[in-house]
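K.L.:
At position 84 of the sequence shown the residue is numbered 84 (UniProt numbering), and the sequence of numbers has no breaks. Sharing a structure here in structure tokens format.
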Amino acid sequence: MNENWPEIVADLSPYLKPEAVKGDYLRDIGYCLRYLGWKKTNGTMVFRDVKPSGGDGSGQPDILLCKKGKDGVPSPALPVVIELPDREPSGRLALSMRLLKLDIGLYIGKNIRLYYQAPGYKDEPVCVFTADFQKDDMNGSAICDLLLYDSFSPDKMVDFVTDALRRL
Numbered sequence: 001m002n003e004n005w006p007e008i009v010a011d012l013s014p015y016l017k018p019e020a021v022k023g024d025y026l027r028d029i030g031y032c033l034r035y036l037g038w039k040k041t042n043g044t045m046v047f048r049d050v051k052p053s054g055g056d057g058s059g060q061p062d063i064l065l066c067k068k069g070k071d072g073v074p075s076p077a078l079p080v081v082i083e084l085p086d087r088e089p090s091g092r093l094a095l096s097m098r099l100l101k102l103d104i105g106l107y108i109g110k111n112i113r114l115y116y117q118a119p120g121y122k123d124e125p126v127c128v129f130t131a132d133f134q135k136d137d138m139n140g141s142a143i144c145d146l147l148l149y150d151s152f153s154p155d156k157m158v159d160f161v162t163d164a165l166r167r168l
């Protein structure tokens, strides 16, 4: 089991209560992504400003994970949309994926979900993988392994989600 997963569960579990504040949840998710090697300082983790109203139809992800290419320039790799656990996905992740021309997106709310928009399909992206905030959830450990910055690869992500889609 990935040793980061229990830490992430411990840090994010307090936000599973109805009185959670999105800005605090977003901040702590950023800390958790740092455990996996993503950093604001080198441009591999980009935050957008969160509007207090919570109503956002901009299609911008809350966090954009970027992978540095051989030229050292970060390019968009994975949009991350965050909702408070008492809310359902709003469709903003699908819009973010379309605007960024990315087939895979990450939703974090009451659980963590990987969404996949298979090339050529016009339907909404499909949730292909879910991890619950439980320390012994093997899917959570798998998500951590997949999102480790040092070994992160868009091709590996595509392989993972297409395999997950076949198992649905």
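Note that the Cβ used here is the ideal one computed from N, Cα and C, for glycine as well. Fair warning: this is a prediction, and the values are worked out from it, not measured in the lab.
Going by Cα to Cα distance, which pick from MET97, LYS40, GLY72, LEU168 is closest to THR130?
P.N.:
As a position in the sequence shown, residue 130 is number 130, starting the count at 1. For THR130, the nearest C-alpha among the options comes from LEU168.
K.L.:
Going straight from the alpha carbon of LEU12 to that of ASP71, what length do you get?
P.N.:
Here residue 12 refers to the residue found at position 12 of the sequence shown. Here residue 71 refers to the residue found at position 71 of the sequence shown. The straight-line gap from Cα to Cα measures roughly 35 Å.
K.L.:
Hey, LEU26 and THR44: beta-carbon distance below 9 Å or not?
P.N.:
Indexing the sequence shown from 1 puts residue 26 at position 26. Indexing the sequence shown from 1 puts residue 44 at position 44. No, these two residues do not count as a Cβ contact at 9 Å.
K.L.:
Taking 7 Å as the limit between beta carbons, can you name the residues of its chain near GLN117, skipping five residues before and five after?
P.N.:
Numbered from its first residue, the sequence shown carries residue 117 at position 117. Excluding positions up to five away in sequence, the list reads MET97, ASP103, PRO125.
K.L.:
Figure out for me which residue from ASP159, ASN42, VAL9, TYR115 has the closest Cα to the Cα of TYR149.
P.N.:
Taking the sequence shown and counting its residues from 1, the one referred to as residue 149 is at position 149. When each option's Cα is compared against that of TYR149, the closest is ASN42.
K.L.:
Among the residues of its own chain, which have a CB less than 6 Å from the CB of LEU99, if the five just before and after it don't count?
P.N.:
Here residue 99 is taken as the residue at index 99 of the sequence shown, counted from 1. Excluding sequence neighbours, LEU99 sits near GLY59.
K.L.:
Restricting to Cα atoms, I'd like to know which of GLU88, ALA10, GLU3 is closest to LEU36.
P.N.:
The residue labelled residue 36 in the question sits at position 36 within the sequence shown. Checking every option, the nearest Cα to that of LEU36 belongs to GLU3.
K.L.:
Excluding the 5 residues flanking PHE47 on each side, which residues of the same chain have their C-beta closer than 6 Å to its C-beta?
P.N.:
Within the sequence shown, the letter at position 47 stands for residue 47. Result list for PHE47: ILE63, in chain order.
K.L.:
Who are the near neighbours of PRO85 in its chain, counting only those whose CB is closer than 6 Å to its CB and skipping five residues on each side?
P.N.:
In the sequence shown, the residue the question calls residue 85 occupies position 85. Result list for PRO85: LEU16, GLY109, LYS110, in chain order.
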